[in-house]
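Shown next, in structure tokens, is the structure this report addresses.
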DNA sequence: ACGCACGTTAACGCGAACGTGAGAATGCCG
DNA sequence: CGGCATTCTCACGTTCGCGTTAACGTGCGT
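Chains as they are written, first to last, in this note's numbering: chain F, 88 to 241; chain D, 88 to 241.
Written out as structure tokens, the structure reads:
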């Protein structure tokens, strides 16, 4: 998967592609939200396509949904558990422990889902209120223009 | 236990009612998100029912939807324009200017609505992904328990 | 009038999430 | 090889959204 060195981006290009600053990319790495990317011999970071995807998910979770980086880390970690366990499935030593970790991850995910459902419900309410308010603006503007027209006729 | 006129709450009660700290109430006032509430002779703040409502809206916008206080201030200001214009409707000097302000407020509100629609769409996508992930957790757990049972029989 | 809960402003502190250089190393082109 | 852009690692600075004393004033039951 992705052997082409041109599929890797240096931090400048990665920054431009994601719309996040270089500082932010390093910061996310430092905070453990992004696993340390590959490096060139000289030490320059090389971001894979997966890295870019993950960064864009982080960006949406943060900018669009307003989650804290700590929350996001928890989410992504929970997300990783399944994949990680799956990749290590062959050596099923202490499978009970793995199952337990997976149940925990499931619980976290479920809580996230419920949280999002709550948010969406509240958002729908807000949306309706905004639509109603626009209708009132329009009603007022329409009424004003009618009154204005009537006044011109008197 | 201050027994005050029924409709007004002192900052302690207002804090308890809204779930926001007293510091936060003063901070929101300082930042212009809440118009300065009434005061007693001694200087104690008196929050009206409207104040409480507004505070609860701010709380939802912030905690639930993750907007910045600056964003929220802009929203609420846009919201106020209609009411303010309505209350000053009698002196309709330069009504054209008022209509213009109202159109601007309408535009801002419309943008907010569109923003919320975008957020809800992304949220719905995320929700589905989470649901799918839970299904995968369950599938893995179910499979694991079956294999475990089979192993016990061998 | 006293006590005590409750409120006031002012000011400093704090964690999160980066911004902003400084100074040195690296990549690459001619 | 020189020269220039890019990146590296510290490390201090900044903004937001409050928390936390400190020092002092107010409301009110007794």
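Heads up, the beta-carbon is just placed ideally off N, CA and C, and yes, glycines get one too.
Candidates the options, of which the one nearest residue i by Cα
{"i": "residue 190 of chain F", "options": "F/212, F/205, F/181, F/165", "result": "F/165"}
{"i": "residue 235 of chain D", "options": "F/133, F/154, F/186", "result": "F/186"}
{"i": "residue 203 of chain F", "options": "F/154, F/228, F/226", "result": "F/154"}
{"i": "residue 122 of chain D", "options": "D/215, D/192, D/238, D/163", "result": "D/163"}
{"i": "residue 188 of chain D", "options": "F/183, F/225, F/198", "result": "F/225"}
{"i": "residue 183 of chain F", "options": "D/94, D/174, D/230", "result": "D/230"}
{"i": "residue 137 of chain F", "options": "F/237, F/223, F/94", "result": "F/94"}
Assigned secondary structure, residue i (DSSP; H/G/I helix, E/B strand, else coil)
{"i": "residue 133 of chain D", "result": "strand"}
{"i": "residue 170 of chain D", "result": "helix"}
{"i": "residue 275 of chain D", "result": "Residue 275 of chain D lies beyond the range of chain D shown here (88 to 241); nothing can be said about it."}
{"i": "residue 204 of chain D", "result": "helix"}
{"i": "residue 142 of chain D", "result": "helix"}
{"i": "residue 108 of chain D", "result": "coil"}
{"i": "residue 197 of chain F", "result": "helix"}
{"i": "residue 181 of chain F", "result": "coil"}
{"i": "residue 175 of chain F", "result": "coil"}
{"i": "residue 188 of chain D", "result": "helix"}
{"i": "residue 118 of chain D", "result": "coil"}
{"i": "residue 91 of chain D", "result": "Only weak support exists for where residue 91 of chain D lies, its pLDDT of 37 falling under 50; the coordinates are left without a value."}
Rounded separation between residue i and residue j - CA only
{"i": "residue 181 of chain F", "j": "residue 172 of chain F", "result": "12 Å"}
{"i": "residue 140 of chain F", "j": "residue 106 of chain F", "result": "12 Å"}
{"i": "residue 114 of chain D", "j": "residue 144 of chain D", "result": "16 Å"}
{"i": "residue 129 of chain F", "j": "residue 110 of chain F", "result": "19 Å"}
{"i": "residue 126 of chain D", "j": "residue 133 of chain D", "result": "5 Å"}
{"i": "residue 101 of chain F", "j": "residue 150 of chain F", "result": "18 Å"}
{"i": "residue 168 of chain F", "j": "residue 212 of chain D", "result": "21 Å"}
{"i": "residue 99 of chain D", "j": "residue 200 of chain D", "result": "34 Å"}
{"i": "residue 147 of chain F", "j": "residue 131 of chain D", "result": "43 Å"}
{"i": "residue 159 of chain F", "j": "residue 193 of chain F", "result": "16 Å"}
{"i": "residue 219 of chain D", "j": "residue 221 of chain F", "result": "37 Å"}
{"i": "residue 96 of chain F", "j": "residue 135 of chain F", "result": "7 Å"}
{"i": "residue 232 of chain F", "j": "residue 216 of chain F", "result": "24 Å"}
Beta bridge counterpart(s) of residue i as assigned by DSSP
{"i": "residue 96 of chain F", "result": "F/134"}
{"i": "residue 125 of chain D", "result": "D/133"}
heavy atom of the ligand GDP below 7 Å from residue i C-beta
{"i": "residue 170 of chain F", "result": "As far as ligands go, the structure on display features none, and thus does not contain the ligand GDP."}
Please list the residues of the region 211-230 of chain D that have a C-beta atom closer than 8 Å to any C-beta atom in chain F, keeping them in chain order. 211, 213, 214, 217, 218, 220, 221, 223, 224, 225, 227, 228
What are the residues in the region 115-137 of chain D lying within 8 Å of chain F by C-beta distance? Under the 8 Å Cβ criterion, the region 115-137 of chain D contributes no residue.
Contact residues within the region 183-210 of chain F, judged by C-beta distance below 9 Å to chain D: 183, 185, 186, 189, 190, 192, 193, 196, 197, 199, 200, 203, 204, 205, 206, 207, 209, 210
Name, going along the chain, the residues of the region 149-181 of chain F whose beta-carbon falls closer than 8 Å to a beta-carbon of chain D. When C-beta distances to chain D are compared with 8 Å, the residues of the region 149-181 of chain F below that value are 151, 152, 153, 154, 166, 169, 172, 173, in chain order.
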